[in-house]
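Trainee:
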Amino acid sequence: MTKKQKFGMSTVLAGMLLTGLVFRPVQAKTQKYTNTDFAMNTVVSETLYTKGKDLNPSIGKLLKKTEDEILSWTEEDSQIAQVNHAGGETVEVSAELADYLKKTQQLAEDSQGAFDPTLGRVIRLWDIGGENAGIPQTGELESLLEETGYEKLELDGNKVTLKDGATLDLGAAGKGIGCDLVMDFLGQNKDVSGMILNLGGSSVMAYGEKPDQSDWRVAIRDPREPEGDYLGAVTLKGGEFLSTSGDYERYFMEDGKRYHHILDPETGYPVWNGLTSVTVVCGSGLFADGLSTACFVLGKEKALPLLEKYGADAAFVDEDHKVYLTEGMKERFELMKNTYETDILK
Ligand code: ADP
Ligand code: MG
31 MTKKQKFGMS
41 TVLAGMLLTG
51 LVFRPVQAKT
61 QKYTNTDFAM
71 NTVVSETLYT
81 KGKDLNPSIG
91 KLLKKTEDEI
101 LSWTEEDSQI
111 AQVNHAGGET
121 VEVSAELADY
131 LKKTQQLAED
141 SQGAFDPTLG
151 RVIRLWDIGG
161 ENAGIPQTGE
171 LESLLEETGY
181 EKLELDGNKV
191 TLKDGATLDL
201 GAAGKGIGCD
211 LVMDFLGQNK
221 DVSGMILNLG
231 GSSVMAYGEK
241 PDQSDWRVAI
251 RDPREPEGDY
261 LGAVTLKGGE
271 FLSTSGDYER
281 YFMEDGKRYH
291 HILDPETGYP
301 VWNGLTSVTV
311 VCGSGLFADG
321 LSTACFVLGK
331 EKALPLLEKY
341 GADAAFVDED
351 HKVYLTEGMK
361 ERFELMKNTY
371 ETDILK
């Protein structure tokens, strides 16, 4: 190699090194962003791991928009309110709402009506957790029950018809729908490596993984102790959803009886079957949320085939401080209190 050639080579090499230094993209570090927000009538806790920007404000907006424009029964302009006010006429809804309604109808059928999206007016009558909460007159409840029943919801593509005075209330699945939406949103953002989203402690979404790859864990509340007192924890993998329905979320006491917000669609009364909470884990937010309500109504024995159909795991907590776990839940449940005992559901 001549001197000139050597010089040329080293210039090329130096040039390569330099461009490498100058143009090598800066490897962004994963940052953790936490936030507390209010949406879907509940406190939203967000923990996000991303190499990009903080997406928590966008997630809050997405949840609020879905509630206001689609799911709310109080916002006059929401699609659900429009269907409810249509006086039995057929209403065309967005493809998004049509999809949610199709899924809720499927769950209503599969649970033989234990999950009932048409309980709207019965729920309003009780107003549990609201300003006018109280025990309805027997006659009142009976006549309203005639206007409920999931078979009164008719779907034909995007066209929705409510028969016989029925009204929709997606309260038992709304937070799960929110979790599904956030999961889809995160999937479109390559910078995000993980997130845990918790809506009011009752609907949780786990996405991706933590930087140290440790498990996502969700604490399960002791139904008879104040918030912050937990009886156990459940491990989630990225892509899984958890939902808890409990008789402690919204209730009032009268004559020593607990009037809570999970209603038996057959009687119109709160479910009194010894259960205090049901936690469900599955691969869909909407179904996890709807299933926890349905399983609370059905009780642990009748709920098993339903859980199997949806590939879901569950924990049933009862007044005797027993925690009944499905086989799959056993693997992911950790008991944290010695005043409770676990058993396997078969
Ligand atoms: P939370 O909203 O506290 O997470 P759930 O998911 O169990 O609890 O939903 C309970 C809400 O669902 C009630 O407040 C009511 O609006 C509605 N609901 C009550 N009973 C039923 C039922 N059997 N089927 C469908 N929705 C119900
Ligand atoms: Mg629910």
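Residue numbering for the sequence shown follows the numbering used here, starting at 31 and increasing by one per position. Where is the CB? At the ideal position from N, CA and C, for every residue including glycine.
I'd like the ranges of any alpha helix (DSSP H) spanning at least 4 consecutive residues and lying wholly in the region 48-108.
Mentor: Listed in chain order, they are 86-96.
Trainee: Which ranges would you report for the alpha helix (DSSP H) in the region 179-234 if only whole runs of at least 4 residues count?
Mentor: Whole alpha helix (DSSP H) segments, 4+ residues: 204-217.
Trainee: So residue 247 is in the beta strand (DSSP E); what residue range does that whole segment cover?
Mentor: 246-251 is the span of the beta strand (DSSP E), which, as asked, contains residue 247.
Trainee: Can the beta-carbon of residue 264 be found less than 8 Å from the beta-carbon of residue 292?
Mentor: Contact flag unset, no.
Trainee: Going by other Cβ atoms of all chains shown within 10 Å of its Cβ, with 16 needed for buried, is residue 173 buried or exposed?
Mentor: Under this definition residue 173 is an exposed residue.
Trainee: Take every Cβ of the region 140-157, pair it with every Cβ of the region 253-273, and state whether three or more of those distances are shorter than 8 Å.
Mentor: Contact between the region 140-157 and the region 253-273 is absent, because fewer than three Cβ pairs lie under 8 Å.
Trainee: Under 7 Å: does the beta carbon of residue 245 sit that close to some heavy atom of the ligand MG?
Mentor: Outside the cutoff, so no.
Trainee: Strictly by DSSP, which residues pair up with residue 354?
Mentor: Bridge partners of residue 354: 346 and 373.
Trainee: Just to check, is the beta-carbon of residue 108 closer than 7 Å to a non-hydrogen atom of the ligand MG?
Mentor: No, Cβ of residue 108 sits at least 7 Å from all heavy atoms of the ligand MG.
Trainee: Does at least one heavy atom of the ligand ADP sit under 7 Å from the Cβ of residue 318?
Mentor: No; taking the cut-off as 7 Å, the Cβ of residue 318 has no heavy atom of the ligand ADP nearer than that.
Trainee: Return helix, strand or coil for residue 283, following the three-state DSSP convention.
Mentor: It is a strand residue.
Trainee: For the alpha helix (DSSP H) holding residue 163, just list the boundary residues, first then last.
Mentor: Segment: none, residue 163 is in no alpha helix (DSSP H) and carries neither H nor E.
Trainee: Taking the continuous beta strand (DSSP E) assigned at residue 260, which residues delimit it?
Mentor: 260-266 is the span of the beta strand (DSSP E), which, as asked, contains residue 260.
Trainee: Using the Cα positions of residue 305 and residue 177, report the straight-line distance between them to the nearest angstrom.
Mentor: Looking at the two C-alpha atoms, the distance is approximately 27 Å.
Trainee: Hey, is the region 224-241 in contact with the region 68-84, meaning 3+ C-beta pairs nearer than 8 Å?
Mentor: Result yes; three or more Cβ-Cβ pairs closer than 8 Å.
Trainee: Is the distance from the Cβ of residue 300 to the Cβ of residue 144 below 8 Å?
Mentor: No, the Cβ-Cβ distance between residue 300 and residue 144 is not below 8 Å.
Trainee: By the three-class DSSP mapping on this structure, what secondary structure does residue 317 have?
Mentor: If DSSP states are grouped into helix, strand and coil, residue 317 belongs with the helices.
Trainee: In whole angstroms, what separates the C-alpha of residue 197 from that of residue 290?
Mentor: Between residue 197 and residue 290, the C-alpha separation is close to 21 Å.
Trainee: Relative to the ligand ADP, is the shortest distance from any of its heavy atoms to the C-beta of residue 250 smaller than 7 Å?
Mentor: The answer is no for residue 250.
Trainee: If you count every other CB in all the chains shown that lies within 10 Å of the CB of residue 122, and 16 or more means buried, which is it?
Mentor: Classification of residue 122: exposed, given that the 10 Å Cβ count is below 16.
Trainee: Determine contact between the region 121-140 and the region 315-322, defined as no fewer than three beta-carbon pairs at a distance below 8 Å.
Mentor: Touching, yes, given that three or more Cβ pairs across the two stretches are closer than 8 Å.
Trainee: Hey, how far is the Cα of residue 231 from the Cα of residue 98?
Mentor: Rounded to whole angstroms, residue 231 to residue 98 spans 21 Å at the Cα level.
Trainee: Buried or exposed for residue 376, please, with buried defined as at least 16 other CB atoms from any protein chain shown within 10 angstroms of its CB.
Mentor: When all chains shown are included, residue 376 counts as exposed.
Trainee: What does the Cβ neighbour count give for residue 86, buried or exposed, with the cut at 16 atoms within 10 Å?
Mentor: Buried: at least 16 other Cβ atoms inside 10 Å.
Trainee: What is the DSSP secondary structure of residue 327, reduced to helix, strand or coil?
Mentor: Helix, per DSSP.
Trainee: Considering Cα atoms alone, identify which of 92, 217 and 253 is closest to residue 353.
Mentor: Minimum Cα distance to residue 353 is reached at 253.
Trainee: At a cut-off of 7 Å, is residue 275 close to the ligand MG when judged by its beta-carbon and the heavy atoms of the ligand?
Mentor: Flag set: Cβ of residue 275 near the ligand MG.
Trainee: Who does residue 237 pair with in a DSSP beta bridge?
Mentor: BP columns for residue 237 point to 225.
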